[in-house]
Structures are given as C-alpha cells and as structure tokens.
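S.K.:
Number of protein chains: 2
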Amino acid sequence: MSVTFPLGFRARGIRAGLRNAPVPDLALIINDGPRDCVAGVFTTNRVCAAPVRWSREVVADHKARAVIVNSAVANACTGNDGLADSKREAEYVAALVGCEPHEVVVASTGVIGVRLDMPSILKGAAIAHSSLGKGDVVDESAARAIMTTDTVPKTATVENNGARFGGIAKGAGMLAPQLATMLVFVTTDAVVDAEEFQDALAQACEVTFSRVDSDACMSTNDTVVAMASGASGVTMSKEDLVCALTQLCANLARQLVADAEGSHHDVKVTVRGATTTKAAVAVAREVTRSNLVKTAIAGNDPNWGRILAAVGCVPESVAPFDPDAVDVSVNGIQVCRSGGIGDDRDLVDMSSREVHIDIELHAGEAEAAVWTNDLTHEYVEENSAYTS
Amino acid sequence: MSVTFPLGFRARGIRAGLRNAPVPDLALIINDGPRDCVAGVFTTNRVCAAPVRWSREVVADHKARAVIVNSAVANACTGNDGLADSKREAEYVAALVGCEPHEVVVASTGVIGVRLDMPSILKGAAIAHSSLGKGDVVDESAARAIMTTDTVPKTATVENNGARFGGIAKGAGMLAPQLATMLVFVTTDAVVDAEEFQDALAQACEVTFSRVDSDACMSTNDTVVAMASGASGVTMSKEDLVCALTQLCANLARQLVADAEGSHHDVKVTVRGATTTKAAVAVAREVTRSNLVKTAIAGNDPNWGRILAAVGCVPESVAPFDPDAVDVSVNGIQVCRSGGIGDDRDLVDMSSREVHIDIELHAGEAEAAVWTNDLTHEYVEENSAYTS
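Protein chains in written order, with the working numbering: chain L, 324 to 711; chain F, 324 to 711.
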C-alpha cells in the first residue's frame with residue numbers, strides 16, 4: 324500500500340517499453356480530489372532536467388491533478404527539445420484526466436543526455452490511464468515503474484488523526500546532500516493550506532532526504548512531490564502535518580539507504596556537541612563523503628583515524644571545535660578519546676549491516692545525523708561496468 | 324638523483340625495523356651549508372600530526388639543518404606523548420648533526436593513532452647518520468624510505484641558471500586538495516632570501532600539489548619542506564625561484580598521480596572560460612571528487628552526463644556560468660555541447676592511461692587544471708582490506 328492508501332487517489336505503473344527488461348517503466352498517479360493541492364522540493368543542481376524545470380512551475384502554482392513519471396531515461400541535458408517533450412507529456416495527460424497541462428507534474432529518471440521515446444510514453448500513458456481503478460490497491464506497480472538501479476520498491480504509509488499519507492520512492496545511487504538523488508511521490512487525503520503544505524514538505528525533506536549521502540553526487544533530476552486530495556475532510560495542524568510528512572519521508576529515506584548500490588553497510592553518522600545544527604551537519608557530511616572512511620567500513624575496520632581526519636577537514640569557520648577534544652565511537656565502542664587513542668578497536672562488532680559512528684565535538688549542544696553507505700567493489704562495478 | 328643533486332646535501336634511507344617488510348623506513352637529509360634556509364607548507368587539516376606541529380615551528384624560524392622522516396607510523400592522534408616523541412627525534416638528530424633541535428624538521432607517515440617505536444627510530448637515526456657520505460649519490464634510499472603504499476619512489480631534479488634543485492615525494496592515496504596528502508622534500512643549492520623562499524614554495528605548491536585530488540581526503544600529515552644550502556653561490560631572482568620550484572613540484576605531483584592506489588587512469592580535468600581561477604578550480608574539483616565520474620572513467624565510459632551533473636553542483640556564487648552553455652570534451656571529442664548532446668561518444672578513445680576532460684564554461688577567461696584518478700576495484704581493495 325502506498326500512494327492510493329489515502330482517499331482520493333488512483334495510481335498505476337505499466338510497461339511502456341522504455342526499458343529492455345520486461346518491467347513497468349511508466350506510472351500515473353491521479354488526484355481525484357475534491358482538492359488539488361501540490362507541494363514539491365527539487366534538486367539544487369544547476370544542471371537540471373527538463374521535467375524538473377516543468378514541474379517547478381507546476382508546483383509554484385500549488386495546484387496539480389496528476390503525476391506522470393517514467394524510468395529508463397532522465398530527459399536531462401536534452402535542451403529545448405527535452406523541455407518540449409516534458410510539456411507534451413503534461414498536455415497529453417491533462418487531456419486524459421480533464422485538467423490543465425500546468426496541473427500535471429512530470430518526472431523522469433534514468434540515463435542523462437538521451438531523448439524520451441515519446442510515442443511509447445504517450446501510448447503508455449493512455450494504457451496506464453485506462454487501467455486505473457478507484458480504490459485500486461495494486462499500486463505497487465507505480466513503485467516498481469519508477470525503479471532503475473533499485474533492487475526493491477520503496478513504499479510507506481502513515482496515519483495521523485484520521486488523515487492518511489502514502490509514499491513511493493526510488494533512488495539507489497547518486498544519493499547526495501541537498502536532497503538525496505531520487506524521486507519521491509507522496510499523497511495525503513488531509514485538508515491542507517497550500518503554503519503550509521509546501522513549508523511542511525520542505526521541513527520534512529531537510530531532515531530526511533537531505534540527510535542521506537550515499538556517494539556525494541547530486542542528481543539532475545531530484546524530485547519530491549506531494550499531493551493533497553482533502554478527501555478525508557480532516558484538517559491538520561501545521562505541526563501534525565510536519566510530523567506526519569517527516570515520519571513518512573524518514574521511512575522512505577531509510578529504505579533508500581538500505582538499497583544503495585552495492586552497499587554492505589548502512590552507516591549512521593551522528594555528530595553531537597556542535598555549536599549549531601548546521602555545523603553538526605557539515606561535520607557529519609565530511610565523514611559521509613570520505614572514501615577512506617567508507618572503504619574502511621566496507622572492510623569492517625573501525626578506522627577512527629580516517630574518521631578524525633575527515634572531521635579535521637571542516638573549516639573552523641563552519642564548525643568550531645578543538646580537535647584534541649573530539650571523541651569517536653563506532654557501534655558503541657569509544658575507539659577515539661580526546662583526539663587520540665581510546666578503547667581497543669577489537670571490541671567493535673561490525674558484523675551487522677547497520678553501523679553507528681558517533682562523534683562528540685564538546686563544543687556546544689547541537690546535533691545532527693547523516694546516513695551513508697560503505698564504498699564497496701559492487702559500487703565500483705555497478706557504476707563502471709555500464710552507462711547510467 | 325634527487326635530494327643530493329644540489330651541492331651541500333647528504334642523505335640516506337635505512338631500515339630501522341619500523342615495518343615488517345625488509346625495506347628502508349627511515350631517512351635523514353642533511354644540509355651541510357654554508358646556508359641553512361628552510362621553507363615549508365603543511366596540511367590545513369585541523370587534526371594534524373605531532374611531527375607537523377613540531378615542524379611548523381621549525382619552519383617559522385626559517386632555519387633548518389636536517390630532516391628526519393619515517394614511514395610505517397604517522398604519529399598522528401597520539402596526543403602529548405606523540406609530540407614529545409617528535410621533539411625527542413629532533414633533539415637526537417640535532418646532537419648527531421651538531422645543531423639545535425629547532426633546526427631539525429621531523430616528518431612521519433603511516434598509520435594514524437599509533438605511537439612511534441622510539442628505540443628503533445633513534446637507533447636507526449644513528450645508523451643513517453653514520454652511513455651518510457659527502458657526494459653520496461645512492462640517495463634513492465631516502466626516496467624509498469618514505470614510501471608506504473607507493474609502488475615506486477618519486478624523484479626529480481631541475482637545474483636553473485647554475486642552481487640545482489632536487490626532490491623526493493611519497494603519496495599514493497589520501498591525496499586531497501589544499502595540499503595533496505603526501506611528504507615532499509626539496510633541496511637546492513641556490514642562495515635564497517628566507518621570505519622569498521617561503522613564498523616561492525607556497526606558490527609552487529598552490530599550482531601543483533594542491534591541484535591533485537585523488538580521493539578528496541585530506542591527510543593529517545601533509546608536509547612539503549624545502550632546504551637551501553647556498554652552496555652553489557648562485558642567487559636567483561624570485562621569478563626564477565618560483566619557476567624552478569614549480570617545475571620540480573609539478574614533476575613530482577605528476578608522479579604521485581601516476582602511482583595513485585589502484586588507479587588505471589590519470590585524469591586531467593581542465594576548466595576554461597571561468598570568471599576567476601578560483602571558480603575554475605572549484606568546478607574542476609567538483610568533477611575530480613565525483614565518484615560517479617571516476618567510476619565511469621574506470622569503465623572507459625566518457626559519461627558526460629555525470630561530468631555535467633558534477634559541474635552543476637558548484638554554487639552560482641562560487642562559479643557563475645550558464646549550464647546551457649557548457650561544453651565537455653573527453654580526449655578531444657566534444658561529447659557535450661551547450662549543456663546537451665554533442666558528438667558521438669563512441670569516437671572517444673579511452674584506452675590510454677591519461678584521460679583529458681576539458682570543460683568550457685563560456686563565462687570568462689580564467690582556467691585551471693586539477694588531476695585525479697579513476698575509482699577502481701583496486702582502490703576499494705587496498706583501502707578496505709587492511710588498516711592504513
């Protein structure tokens with residue numbers, strides 16, 4: 324259950340033939356109302372895909388009735404032709420649904436620099452539309468249709484005081500800060516105020532998707548879009564809205580980490596004792612981006628020296644702290660104390676998939692956590708063996 | 324020929340028994356004068372090793388007569404005990420050489436968080452000192468003594484208007500910006516002014532070692548130290564000094580790139596048409612740090628989409644440019660033009676070790692180049708299979 328869990332939504336993923344494999348590769352998510360509020364958060368990469376440029380404008384108007392998303396091809400770096408293709412997709416779906424083109428969110432994921440196979444996409448959109456059903460719960464097909472290098476579909480649901488939330492996500496490589504590289508579609512039947520909805524989604528993304536850093540590469544296509552149908556009749560407070568969206572997004576973000584390309588470990592780097600949250604995040608990110616830290620973890624080595632060396636890269640102006648006061652624990656063992664040798668590293672058990680790195684800066688009260696993965700042979704293989 | 328190429332220097336690397344392998348692991352470089360000027364550039368990592376803390380003070384006085392350097396253990400994150408060890412090394416060598424302790428540069432490289440084996444080091448220093456010979460050309464032993472994961476020693480010499488320069492370097496992983504992670508020792512028999520020498524070395528490092536980015540991890544031990552004996556009697560202009568040092572450092576830096584752990588390609592990323600040199604360097608660095616770009620190169624894939632996505636991560640405030648105006652060439656083939664599809668990628672020949680990525684921003688006149696390596700299985704293996 325996911326995007327059709329809330330009242331007022333229909334969804335379907337079908338095989339449009341965009342990929343060689345016999346898998347779904349195109350999905351529609353329709354908001355049947357009665358309301359049609361939309362919010363969205365997009366990549367900050369200055370090289371952004373045509374669908375992102377289109378959908379940013381849709382979201383700016385706060386109204387949407389449908390989402391069309393395809394995998395296989397990102398429709399990025401395709402110039403004006405690519406933009407025209409995104410627009411054409413929106414126009415076609417708008418005609419199917421009975422709304423305006425600028426009420427249709429468009430998303431794509433896949434190879435960069437290749438044009439969309441528009442005949443297949445439009446034909447697929449028609450097929451998907453005709454196979455939608457009210458209350459259709461077979462919408463794991465939508466979650467599957469957006470997968471590329473993902474090995475499993477990612478879905479989540481949340482209920483909060485009578486309002487329902489559902490979500491699907493894709494993303495297994497090219498995760499990054501400033502919005503993990505991925506596509507996320509969220510639906511809710513809560514009654515929401517447009518600006519509150521946008522702000523609540525942004526807050527949720529900030530502490531979930533933006534705190535996932537798999538290989539420090541930002542995508543051209545990052546998209547998180549949420550639609551609200553109001554079909555439950557339940558009006559939520561802003562706080563509850565933020566809470567529910569954050570809970571949903573955290574669940575999806577954790578699934579993305581667990582499916583990161585070729586990874587053996589999910590690594591949570593928590594920085595405490597920072598002067599500000601921003602400083603804590605900066606320190607955590609320096610660690611999560613370190614190839615030396617991530618290869619050490621791949622080798623089950625609690626190499627605190629490499630962790631400390633990464634921490635030491637953060638400028639004083641960004642995160643003030645005394646390097647001689649830093650403690651580092653791995654899976655609960657304080658292997659580094661006051662910037663030097665701590666407890667015996669052989670005490671650290673790294674056999675589980677989840678690894679916890681805890682860094683205490685002793686400089687303040689702020690904390691933040693960033694997730695990442697180890698750097699493995701499989702990652703190299705997946706990203707060097709073929710074009711994606 | 325390297326550090327004893329200029330007049331006035333003796334050097335020797337010997338086996339002090341710090342490593343398991345039967346290889347040299349400790350070296351002395353002695354400046355017999357008549358002058359004793361020293362310059363140095365060190366890591367900016369806030370977590371810096373005891374030898375770096377010691378040597379920074381030595382260099383601040385602009386006078387040095389000797390260098391003692393060991394491999395195997397970095398003497399980093401060893402607290403006050405580690406600092407005392409570095410000081411002891413300096414005192415011991417000072418007594419051997421007949422100078423003051425603060426005229427002895429100390430350097431170490433190897434595993435972080437482990438204490439030095441002082442008895443072996445001091446005994447080794449005495450042995451090295453006793454086996455120094457005037458005009459001894461067998462100083463490749465010094466270049467070998469500083470090797471850790473290096474597969475070959477790195478040496479270089481330069482002659483400029485009657486003055487000689489020699490250098491040795493080590494570094495094959497953990498290369499980074501703001502000084503590639505490595506140890507470099509340079510000697511010259513030119514007559515130099517202390518402050519000009521320091522500034523010239525800093526300039527040379529800025530455009531050579533600081534433009535090498537192998538795995539974006541800064542070290543705790545980065546050290547570049549240069550000594551001037553004045554034995555040639557030749558006084559050089561500041562410009563010639565900068566030129567000669569830059570030539571020598573560029574040669575050594577290029578050798579470091581060629582020996583990067585497990586790499587298959589040496590990658591030169593050149594950014595042109597930037598508003599400033601700083602902007603050009605920022606864009607180049609974003610590309611050289613991208614794991615997705617580097618795995619693509621490992622797979623001989625001229626994946627311009629990933630290159631462009633990396634370029635797009637640089638904030639507008641750091642490097643202004645229009646993403647739709649960017650061109651990318653790989654080994655001379657313009658595979659991306661105006662931010663979109665360019666020439667056929669199958670035209671790109673990536674069979675050579677050296678790969679050239681040329682990025683044109685069309686935003687100004689500045690340019691800069693940063694070297695890196697591809698990200699391979701061997702890199703993962705070397706950095707995950709054992710502690711270093």
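We treat Cβ as the ideally placed atom computed from N, Cα and C, and that holds for glycine.
So what does residue 559 of chain F bridge to, in DSSP terms?
M.R.: Residue 559 of chain F is not bridged to any residue.
S.K.: Please confirm whether residue 542 of chain F has its beta-carbon closer than 9 Å to some beta-carbon of chain L.
M.R.: Cβ-Cβ to chain L under 9 Å: yes for residue 542 of chain F.
S.K.: Spatial neighbours of residue 372 of chain F within its chain, please: C-beta separation below 7 Å, excluding the five flanking residues on both sides.
M.R.: Same-chain partners within the cutoff: 397, 398, 399, 431, 543 and 544.
S.K.: Can you find the residues in the same chain that come closer than 7 Å, C-beta to C-beta, to residue 364 of chain F, ignoring five residues on each side of it along the sequence?
M.R.: Within the same chain, residue 364 of chain F has close Cβ partners 502, 524, 525, 528 and 547.
S.K.: Kindly say whether residue 629 of chain F, judged by its beta-carbon, lies nearer than 9 Å to any beta-carbon of chain L.
M.R.: Cβ-Cβ to chain L under 9 Å: yes for residue 629 of chain F.
S.K.: Name the chain F residues that come within less than 9 Å of residue 664 of chain L, Cβ to Cβ?
M.R.: Here the neighbours are 400, 401, 402, 436, 437 and 438.
S.K.: Okay, do the segment 324-332 of chain F and the segment 585-603 of chain L touch, 3+ Cβ pairs below 8 Å being the bar?
M.R.: The answer is no - the segment 585-603 of chain L does not touch the segment 324-332 of chain F, with fewer than three Cβ pairs under 8 Å.
S.K.: Going by DSSP, name the residue or residues bridged to residue 652 of chain L.
M.R.: L/681, per the DSSP bridge assignment.
S.K.: In this structure, does DSSP put residue 431 of chain L in helix, strand or coil?
M.R.: Strand at residue 431 of chain L.
S.K.: Buried or exposed: where does residue 676 of chain L fall if 16 or more other Cβ atoms within 10 Å of its Cβ makes it buried?
M.R.: The residue in question, residue 676 of chain L, is exposed, as its Cβ has fewer than 16 Cβ neighbours within 10 Å.
S.K.: For residue 617 of chain L, which of L/647, L/585, L/600 and L/604 has the nearest alpha-carbon?
M.R.: If we check each option's Cα against that of residue 617 of chain L, L/585 comes out closest.
S.K.: Closer than 8 Å between beta carbons: that is the criterion. Which residues of the segment 461-488 of chain F meet it against chain L?
M.R.: From the segment 461-488 of chain F, no residue has a Cβ closer than 8 Å to chain L.
S.K.: Which same chain residues end up closer than 8 Å to residue 556 of chain F when comparing Cβ atoms and leaving out the 5 residues on each side of it in sequence?
M.R.: Cβ neighbours of residue 556 of chain F beyond the five flanking positions: 514.
S.K.: If we ignore side chains and look at the alpha-carbon of each, how far apart do residue 377 of chain L and residue 428 of chain L end up?
M.R.: Going by the C-alpha atoms only, they are around 8 Å apart.
S.K.: Below 7 Å CB to CB, which residues in the same chain sit around residue 605 of chain F once its five sequence neighbours on both sides are set aside?
M.R.: 637, 641 and 642, listed in sequence order.
S.K.: Given that a residue counts as buried once 16 or more other Cβ atoms are within 10 Å of its Cβ, and exposed if not, what is residue 626 of chain F?
M.R.: Classification of residue 626 of chain F: buried, given that the 10 Å Cβ count is 16 or more.
S.K.: Which term fits residue 325 of chain L, buried or exposed, when burial requires 16 or more other beta carbons within 10 angstroms of its beta carbon?
M.R.: By the neighbour-count rule (16 or more Cβ atoms within 10 Å), residue 325 of chain L is buried.
S.K.: May I ask you to list the residues that DSSP assigns as paired with residue 659 of chain F?
M.R.: Residue 659 of chain F pairs with F/651 and F/664.
S.K.: Could you spell out the range, first to last residue, of the alpha helix (DSSP H) harbouring residue 447 of chain F?
M.R.: That run of the alpha helix (DSSP H) goes 441-453.
S.K.: Taking only the alpha-carbon atoms, compute the straight-line gap between residue 380 of chain F and residue 409 of chain F and give it to the nearest angstrom.
M.R.: Answer to the nearest angstrom: the Cα atoms are 12 Å apart.
S.K.: In whole angstroms, what is the alpha-carbon distance linking residue 490 of chain F and residue 357 of chain F?
M.R.: Rounded to the nearest angstrom, the two C-alpha atoms are 20 Å apart.
S.K.: Output, in chain order, the set of chain F residues within a Cβ distance shorter than 9 Å of residue 675 of chain L.
M.R.: Simply none; closest approach about 17 Å.
S.K.: Let's test the definition: count the other Cβ atoms within 10 Å of the Cβ of residue 560 of chain L and tell me whether it reaches 16, buried, or not, exposed.
M.R.: The residue is exposed, with fewer than 16 neighbouring Cβ atoms inside 10 Å.
S.K.: Going by DSSP in three states, residue 321 of chain F sits in which element: helix, strand or coil?
M.R.: With chain F running from 324 to 711 in the structure shown, residue 321 of chain F is simply not present.
S.K.: Helix, strand or coil, according to DSSP, for residue 365 of chain F in the structure here?
M.R.: Correct three-state label for residue 365 of chain F: strand.
S.K.: Run down chain L in chain order and give the residues with a C-beta less than 8 Å from the C-beta of residue 568 of chain F.
M.R.: Simply none; closest approach about 26 Å.
S.K.: Quick one, which of L/623, L/558, L/359 and L/615 has its alpha-carbon nearest residue 634 of chain L's?
M.R.: Checking every option, the nearest Cα to that of residue 634 of chain L belongs to L/615.
S.K.: Does the contact criterion of 3 or more C-beta pairs under 8 Å hold for the segment 471-484 of chain L versus the segment 443-455 of chain L?
M.R.: Verdict: no, contact absent.
S.K.: Between residue 646 of chain F and residue 628 of chain F, is the Cβ-Cβ spacing less than 9 Å?
M.R.: No, the pair does not count as a contact, with Cβ atoms beyond the cut-off.
S.K.: What does the alpha-carbon distance come out to for the pair residue 473 of chain F and residue 494 of chain F?
M.R.: Whole-angstrom Cα-Cα distance: 6 Å.
S.K.: Where residue 401 of chain F and residue 437 of chain F are concerned, what is the direct C-alpha to C-alpha distance, given to the nearest angstrom?
M.R.: For residue 401 of chain F and residue 437 of chain F, the distance between alpha carbons rounds to 7 Å.
S.K.: Can you look up residue 632 of chain L in the DSSP assignment and give me helix, strand or coil?
M.R.: Note: residue 632 of chain L maps to helix in three-state DSSP.
S.K.: Does residue 692 of chain F come out as helix, strand or coil in the three-state DSSP assignment?
M.R.: If DSSP states are grouped into helix, strand and coil, residue 692 of chain F belongs with the strands.
S.K.: For residue 650 of chain L versus residue 660 of chain L, is the C-beta distance shorter than 9 Å?
M.R.: For residue 650 of chain L and residue 660 of chain L, yes; Cβs fall inside 9 Å.
S.K.: Which residues in chain L have a C-beta closer than 8 Å to the C-beta of residue 639 of chain F? List them in chain order.
M.R.: Under the 8 Å cutoff, chain L gives 369.
S.K.: Nearest to residue 392 of chain F by CA position, among F/334, F/418 and F/385, is which residue?
M.R.: If we check each option's Cα against that of residue 392 of chain F, F/334 comes out closest.
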